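Read through the structure below, which is laid out as structure tokens, and then see the notes.
Protein chains in written order, with the numbering used here: chain L, 167 to 276; chain P, 7 to 384.
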């Protein structure tokens, strides 16, 4: 078992390209869920273009607490009745926080 | 028993599919030096050759024929097979749920014309929501293969068509980190040209591939993959690998790694894979906010068959994935325990279990699953 390698606080960029490439595509856009291949609930997150297609429904710019894309990742969202995502394995808290920051800062690129 | 198993998997099959399995690298070095010792494909997985059928019969609990549907003889130019899989069990992500779903409903057909063959896996696939009528069936793999020595399991192989780029250890379990995050996630087969040279002492595989132009794919990337492995003695194999994937308007991904297999004792196999991945994120809108996260992904698996006919196989593995080596708390670790029971030459029961920890030691969430899988090979 390896210990955590990173030592830096999260300074990753909050752009749609980075959020899709580093969080949504590898964790949500797999074969069973939100890839263009499957499009569960009509959503695909494997490219920025696919996310933009459903962005108005899932994201309220500047308001993560009103954005289902963020709420499905959090215990608060589950308590409100949203399903827990990803369904097959959890997301690191730092990735959930990156999605929150991206939406809070205006969802750049959406 | 055969009737009951067939009825169960067909009933589950009506619901759709959610996964497939590929190869059993646990058998390399233990039973044969190469994947082609038992499989038609140079990368392993899928249809078995005559030696593979004999091995399936010899290592199962019940002494049933390994032929297609137990007794069907086909002409030499035609080979038929297939895979039906379903799974049920408990999953915690960290929300807890009971799950039951079909995984694979596929047939395998191969037409042989001397050194050339045409291979396809027609079957059901998970549908694209909103377009189910047009997306319920496919042939996950379909390719033309030329084989330098069609009567042997070595030499030069050339494939053109739709298949998984040959890369890494190629475990059947697609949640394994070195598959899920290792460049060969579930259903990442795509169109490409593959060249392989397989000898008992070494093998080299090179694949060039493009994003599937016909269906909406799981992977949208164009690229190339290289995998080379040498057996420095009959009990030790070392491999190197590299892959480049370019996803238009998103990123370029560079992946390099090593693999190793060591036979400890008579049949205790230790194998591992470690990859470094660098992703260059593109932003063609304004060039701002790009990044180049470097990732580390690895797996280490200890496998041992046991039982009178080696009808049981146990895998104990660990995995590590860090999605950005520079940022703290983006790492995840897992412990996997898989137990395979080869009931007869066609029926396999598998217990898949995992405990997973994110940001181990720093308060991240835990997860896990315990799943019972049934596999019927036609």
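Cβ coordinates follow ideal geometry from the N, Cα and C atoms, glycine included. From a predicted model like this one, the values you see are computed outputs, not experimental measurements.
For residue 59 of chain P, the enclosing alpha helix (DSSP H) has its first and last residue at 56 to 64. Among the CB atoms of chain P, none fall inside 8 Å of the CB of residue 233 of chain L. When the Cα atoms are used, residue 147 of chain P and residue 40 of chain P turn out to be separated by approximately 21 Å. Within the region 229 to 309 of chain P, the runs of beta strand (DSSP E) that reach at least 3 residues and sit entirely inside it are, in chain order, 242 to 253, 257 to 270 and 274 to 287. Within 10 angstroms of the beta-carbon of residue 140 of chain P lie fewer than 16 other beta-carbons, which makes it exposed.
180, 181, 186, 187, 191, 192, 193 and 194: these are the residues of the region 164 to 197 of chain P whose beta carbon lies less than 9 Å from some beta carbon of chain L, given in chain order. The criterion of a C-beta distance shorter than 8 Å is satisfied by residue 171 of chain P and residue 213 of chain P. Of all residues in the region 131 to 156 of chain P, those with a C-beta nearer than 9 Å to a C-beta of chain L are 131, 132, 133, 134, 135, 136, 137 and 141, reading in chain order. Residue 43 of chain P counts as buried, since no fewer than 16 other beta carbons sit within 10 angstroms of its beta carbon. By the Cβ test, the region 201 to 210 of chain P is in contact with the region 232 to 246 of chain P, since at least three Cβ pairs between them sit closer than 8 Å. In terms of CA proximity to residue 165 of chain P, P:122 leads the group P:372, P:122 and P:138. The region 54 to 140 of chain P is shown to contain whole alpha helix (DSSP H) runs of 4 or more residues at 56 to 64, in chain order. Listed by position along chain L, the residues whose Cβ is nearer than 7 Å to that of residue 256 of chain P are 183, 186, 187, 213 and 214. Assignment of residue 210 of chain L by DSSP, reduced to helix, strand and coil, places it in the coil class. One Cα belongs to residue 100 of chain P, the other to residue 85 of chain P, and the distance between them is close to 44 Å.
The beta carbon of residue 105 of chain P sits closer than 8 Å to the beta carbons of 93, 94, 95, 96, 97 and 377 from its chain, once the five residues preceding and following it are set aside; these are given in chain order. For the region 289 to 301 of chain P, the set of positions with a beta-carbon nearer than 8 Å to some beta-carbon of chain L reads 289, 291, 294, 295, 296, 297 and 299 in chain order. When Cβ-Cβ separations below 8 Å define contact, residue 236 of chain L makes no contact with chain P. Within the region 158 to 224 of chain P, the runs of alpha helix (DSSP H) at least 4 residues long that lie entirely inside it are, in chain order, 183 to 186.
Under the DSSP assignment, residue 143 of chain P falls in the beta strand (DSSP E) whose first and last residues are 143 to 153. Contact residues of the region 188 to 208 of chain L toward chain P are 188, 189, 191, 192, 193, 195, 196, 197, 198, 201, 202, 203, 204, 205, 206, 207 and 208 (C-beta to C-beta distance below 9 Å). Judged by DSSP secondary structure, residue 344 of chain P falls outside any alpha helix (DSSP H) and instead within the beta strand (DSSP E) spanning 337 to 348. In this structure, the CA atom of residue 65 of chain P is about 41 Å from the CA atom of residue 205 of chain L. Within a 10 Å sphere around the beta-carbon of residue 236 of chain L sit 16 or more other beta-carbons, which makes this residue buried. One thing to note: residue 365 of chain P has its Cβ no nearer than 8 Å to the Cβ of residue 321 of chain P. Shown in chain order are the members of the region 356 to 372 of chain P whose Cβ falls below 7 Å from a Cβ of chain L: 362, 364, 365, 366, 367, 368, 370 and 371. In the three-state reduction of the DSSP assignment, residue 326 of chain P falls in the strand class.
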